[in-house]
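For the record, the sequence lines run as chains A and B. Position one of the first sequence corresponds to residue 0 (numbering that gives the first Met the number 0), numbered consecutively onward. Position one of the second sequence corresponds to residue 0 (numbering that gives the first Met the number 0), numbered consecutively onward.
Protein chains: 2
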Amino acid sequence: MIESYLAIPPLLGVLGLLVALGIFLVMNSFPEGDEKVKKIGDQIHLGAMTFMKTEYTYLSLFALVVIILVYLSLGQDTALAVLAGALSSSIAGWIGMYSATKANVRTATAASQSGAESALSVAFYGGSIMGLCVASLGLIGLGSLYYILSGDAHSIEGFAMGASIVALFSRVGGGIYTKSADVGADLVGKIEAGIPEDDPRNPGVIADNVGDNVGDIAGMGSDIFESYCGSMVACIAIASTYAITSDFAQADKEGMMFLPLALASIGLIASIIGIVIVRLFSKSSPANAMRWGTMGAPLIFIIAAYYLTNFLVESNPLPGSDGLDVWLAVVCGSVGGIAIGLITEYYTGSSPVIKIAEAGQTGPATVMITGLSVGMQSVVLPIACIILIIFISTQLTGLYGVGIAAVGMLSTVGITMAIDAYGPVADNAGGIAEMAGMPSETRVITDELDEQGNTTAAIGKGFAIGAAALAALAIISAFVETVSANRAEPLELILSNPTVLIGIFIGGAIPFLIASITMTAVGDAAFEMINEIRRQFKEIPGLLEGNAEPDTEKCVDIATSAALKKMLLPGIIAVSAPPLVGLGIGAEALGGLLAGGLLVCVLMALFMANAGGAWDNAKKYIEKGNLGGKGTDTHSAAVVGDTVGDPFKDTSGPSMNILINVMAIVSLVIAPLL
Amino acid sequence: MIESYLAIPPLLGVLGLLVALGIFLVMNSFPEGDEKVKKIGDQIHLGAMTFMKTEYTYLSLFALVVIILVYLSLGQDTALAVLAGALSSSIAGWIGMYSATKANVRTATAASQSGAESALSVAFYGGSIMGLCVASLGLIGLGSLYYILSGDAHSIEGFAMGASIVALFSRVGGGIYTKSADVGADLVGKIEAGIPEDDPRNPGVIADNVGDNVGDIAGMGSDIFESYCGSMVACIAIASTYAITSDFAQADKEGMMFLPLALASIGLIASIIGIVIVRLFSKSSPANAMRWGTMGAPLIFIIAAYYLTNFLVESNPLPGSDGLDVWLAVVCGSVGGIAIGLITEYYTGSSPVIKIAEAGQTGPATVMITGLSVGMQSVVLPIACIILIIFISTQLTGLYGVGIAAVGMLSTVGITMAIDAYGPVADNAGGIAEMAGMPSETRVITDELDEQGNTTAAIGKGFAIGAAALAALAIISAFVETVSANRAEPLELILSNPTVLIGIFIGGAIPFLIASITMTAVGDAAFEMINEIRRQFKEIPGLLEGNAEPDTEKCVDIATSAALKKMLLPGIIAVSAPPLVGLGIGAEALGGLLAGGLLVCVLMALFMANAGGAWDNAKKYIEKGNLGGKGTDTHSAAVVGDTVGDPFKDTSGPSMNILINVMAIVSLVIAPLL
């Protein structure tokens, strides 16, 4: 009976990919625009693909070393799983980027030729392809592996490890890329040369637009992919450690291990329905279409999950709980994710933003103080949500509950990611419209789309942090269970054990170190970019007058090589810390490291993402004409906040999510060695 | 035999106070200066005393509520101990402030009349009185209580709780006071009106100088006092939970409980010797005098501790360790404290500072990014020191080792605090010299003293954080032991217990909340100050021309009432969180709260203190003429960093130390109720 289930997730994944292909064909049939637009689009597309190719080269070498080490220490199946995870994530990122950089020009052209509704459709198609790829490739990869390895939990864990290594490189590398290009292009172009944002004379502007794709689409996608697979793997691992008793048969255990894949499968269907809803409603009211889609998909998922969970868990009861309890944990995660997103929206979009903007009236220092203060305050409510989710889900079904809540939060990743990825596509379209000299009406449309995209992106970031936190916690729980299952006596991480304490302090210091390294990396890379743009303005005759073309490729190259060079050190620290501490000091210290790392990563991720988002929007609030608008001292002060916020929200902050997940999954994978 | 020991610590404390009185009389015999200087000195003195009086009024009410609650729930002895702790800390702070505000005018006058050597002496005398008061009153209070209560550990814990409540108010209130006055006076005076720092026409300048005393002398003193007593109390509490066995007699246990008081006693003597060393060497080389004093005192202490520990612990062996082990733990703490101080000196005084200053060439945003990055990076090595101390000391003597290492670090607090408090006295003297229009040669001398003071203050801050971290950890250990001793089964804080996890997240979020509240408080209070100073410049005719006097008292009042209003909320959160979580959710959650709080408080304290110190010194580096010097854009950019750094290093950062200690000690005191 169970056997026939096992094929469903990968098959549904294939269906999801086919839907994505269909959407791609529809999107690709939209007109690309005139020669000028086409050329700009090609430059961005090529820049993004060049980055991906170079990144994947570095990544392959890094992954190869990891896979060999895994093969030697943990055997062939785990090594295969790492490879499968890395490949699935890479393919999802590649397809997503490819499509997004096809969708951006078509969005700009649609905005100028057919108006807002059509532009929204194209941009949303672009995002949907990424969303469906993430969800589908997760199901295909993890589902097939589960099928092939017949649910061998230990080996399957490698899949999440492979995905997390790709995420680390994409998120950190992408984050450094996008911000060095952004800061460099803005500083020389807008401030020194006094030309507008996205002006085609600026040599850094293509790199800036490439960066949006690299960071916000490929980086974000791999981040979510990793949490998505990590939470499923954690559930499988936790369920696999349950001992068989007279009440709890082997078949029951297998069913529980299968539940996350089953939930993700109906989540994919719900996401596809959600995408259809957005499509249907966008004709009458584009503004509400997204809201209906984002709310509709989880609702459908929750209802379907009720029947599925009761069906699967009725015959597979957890000790002390029934199907309803498991379903409630799923609901808890799903609702909690939305709640964290909405809180993020408040802190990066409402009165705190106005407070920061007003602080600009007394200069950049008060903008900084207010923004930092808002960021620090903004951690409290999301942490409260996480606490509630932990409390409720563990009360319902023990530590498995945390994992299944994370799966609940992430199952509708198809639609969530679609809406996240839509933002940068719209943002790019705006840039292309500016560079191609499209009429201002077009820019108004793309600006509106972009603004909406910024809000959904803020919600997406909050959601990603919440999901990553729960996924990491579930993986850590699985780590403890796995180590315990392999030992004579269970692994007890007692806080008053000095070894655990030492681990906690190590785990707390690592995020600060990684944040520091990535902040510095953006500064250094931006510095190279600034020098190159300055050089071109000086040495290329007629460039500023618009009579010569900038060498945009050079800037793309600088951002690419800087990003890839600088991401190696954080990558090595993240991947090597768990084996060093685990094998060097012991499993207790490693458990402490994960706990300290989890706490500090979640706090820093929320702090940095929300402070950065709030600064960004405070600047935009002033640019809309409030408090004197552009060109005032208040605006200059807000620009300082935004510049500091850039690496906060797009480089260092997001790398915190990945950091804890990488450390957690590497620990889980090496658990049999401890 | 033990009985006769018990009277030594309080008697030595009285001796220490007599030495402090002697130093006061010598210091007070230095000439106060002419009428103008005297008047300025009086204004600062009165402002400081007014603040202290108002603060102590609020504090008394708050303490009264706490004492009544403690009396009702834990009995008379504990309530008495809380009162004694609060009184001892208050008296130390009051005497220290009184003396410091007498020493500042005399330092300025000595600098103008007798030169550098004499000025150094007076300033150092001023600091020494504070140092000796902290050390002596700790011994008198805690020693007498130990004598009176015959070593009843539970009741004695109240002493540290009383001290920590005073510290909370002094540090947070003082921090808000000093920075609101500083930011307000600088912003309107230096930037808007274009008059120099400490110009007598600026109505906020007296409040600014009062603030240095309030924050850096009284605040810092109460902070160190609290760690000093907290670490001793923790050792007493941990030792008191040891069960009597055939190998371990009642007398042994009492000896171990007495050891921290004995170590602090010889630490006081070593400090007095250190002060004499500084005095002797300051004639030949004032620059080296302090170094010899700071290094000499711990050295003497370590040697004396060897004999003392071996004597006491030979007859009171800890299970599995001998006297040498305990002594090594003491050495480990003493050396570790110096190491953390030196690391702090590096990050706030060497190449990282130059890097921040150079980042000023590309504007305030890069100053911010570089400073934040330096601050984040600066946590790594101090955390490594703390890890080493934990590892070594617990290997040597178990969790008692962490407590006794903290005692080792803090025993020579007399000299450490003397050198810390010397800085603000010198700083004040510089301000007075400027206000009184003393010749520029005088200003050169006071500037030199001030600069040296800044370095020692940076070391002192690092030291304070390290000491607070260890003290808190020791108190937390005592909490776990105490709860376990009161229960049928021991309190096991297992990380994979969801209740513990929830506590960890609560504990991690509280420091962010407090940091946010205190950052905002500085901003709000500074805003009131700015408006008042602007009003006076506008409404008092002839003020800017130097023909009329500013209403400095009004500014002092504003800073006082703002600071006291704003410190209530953080105080209430810190004191009420442990009983709410402990009684509401349980001891496991409270244990988690303390662990999460400890980790995040230490990280944030180091991050904020070091980033703030580095920004401050980057500005000073430019002001010395580097990178173009004052008046350049680079300087303006560095000023932005310094302004953000002010609340970081003097308000929010230092409140982190106290926060974790308050939460820990309140938890320990309420442990019998759980």
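Just so you know, even glycine gets a beta-carbon here, dropped at the ideal spot from N, CA and C.
For S439(A), the uninterrupted alpha helix (DSSP H) run begins and ends at S439 to A484, by DSSP. Of the residues P540(B), Q376(B) and I532(B), the one whose Cα lies closest to the Cα of T551(B) is I532(B). Nearest neighbour of G84(B) by Cα position, chosen from A122(B), S127(B), G130(B) and G140(B), turns out to be G140(B). In the three-state reduction of the DSSP assignment, I557(B) falls in the helix class, which pools H, G and I. Counting only unbroken stretches of 4 or more residues, the alpha helix (DSSP H) elements lying wholly within the region 253 to 332 of chain A are 285 to 313, in sequence order.
Contact with chain B is found for L398(A), since one of that chain's Cβ atoms lies less than 8 Å from the residue's Cβ. By the Cβ rule, the region 219 to 236 of chain B counts as touching the region 646 to 661 of chain B, because three or more pairs are nearer than 8 Å. Under a criterion of Cβ atoms nearer than 8 Å, the residues of chain A adjacent to V643(B) are, in order, A364, M367, I368 and L371.
Contacts between E491(A) and chain B, judged by CB atoms closer than 9 Å, involve E491, I493, L494 and S495 in chain order. The straight-line gap separating the alpha-carbon atoms of I386(A) and L327(A) is approximately 16 Å.
Rounded to the nearest whole angstrom, the CA to CA distance from G92(B) to R534(A) is 59 Å. Straight across, the Cα-Cα distance linking I355(B) with V187(A) is about 20 Å. Identification of chain B residues near Q376(A) by a Cβ-Cβ cut-off of 7 Å yields L512 and S515, ordered along the chain. According to the DSSP assignment, P381(B) belongs to the alpha helix (DSSP H) that extends over V379 to T396. Take the alpha-carbon of F168(B) and the one of L58(B): they are about 7 Å apart.
DSSP lists I493(A) as the bridge partner or partners of I493(B). Residues P9 of the same chain have their beta carbon placed closer than 6 Å to that of S143(B), with the five preceding and five following residues left out of the count. Legend: CB atoms of the region 36 to 69 of chain A lying less than 8 Å from CB atoms of chain B are not found in any residue. S410(B) and A134(B) have their C-alpha atoms roughly 8 Å apart.
Around the beta carbon of N208(B), 16 or more other beta carbons lie within 10 angstroms, which makes this residue buried. Under the Cβ criterion of 8 Å, F390(A) is counted among the residues facing chain B.
Of the residues assessed, N287(A) falls on the exposed side of the cut-off, its CB having fewer than 16 other CB atoms within 10 angstroms. Within the region 570 to 599 of chain B, G590, G591, A594, G595, L598 and V599 place their CB atoms closer than 8 Å to a CB of chain A, listed in sequence order. Within 7 Å of the CB of G210(B), no CB atom of chain A is found; the nearest one sits about 17 Å away. Within 7 Å of the CB of S476(A), the CB atoms of chain B belong to S495, in sequence order along the chain. In this structure, V352(B) keeps its C-beta atom at 8 Å or more from the C-beta atom of V639(B). Secondary structure of L144(B) (DSSP, three-state): helix. Where P423(B) is concerned, the enclosing alpha helix (DSSP H) starts and stops at V412 to M434.
Following the DSSP letters along the chain, one finds Q42(B) inside the alpha helix (DSSP H) bounded by residues E34 to L73. With the rule of 3 Cβ pairs closer than 8 Å, the region 150 to 164 of chain A counts as touching the region 60 to 76 of chain A. Between T343(B) and N609(B), the CB-CB gap stays under 8 Å. Put simply, the CB of L141(A) is far from chain B, with every gap to its CB atoms at 8 Å or more. When C-beta atoms of the region 449 to 457 of chain B are compared with those of the region 544 to 558 of chain B, fewer than three pairs fall below 8 Å, so the two segments do not count as touching. For a Cβ distance threshold of 7 Å, residue set I389 of chain A lies close to L500(B), ordered along the chain. Taking all protein chains shown into account, L17(B) has fewer than 16 neighbouring C-beta atoms within 10 Å of its C-beta and is therefore exposed. Non-local C-beta neighbours of V482(B) in its own chain, meaning closer than 6 Å and more than five positions away in sequence, comprise L490, A586, A670 and L673, ordered along the chain.
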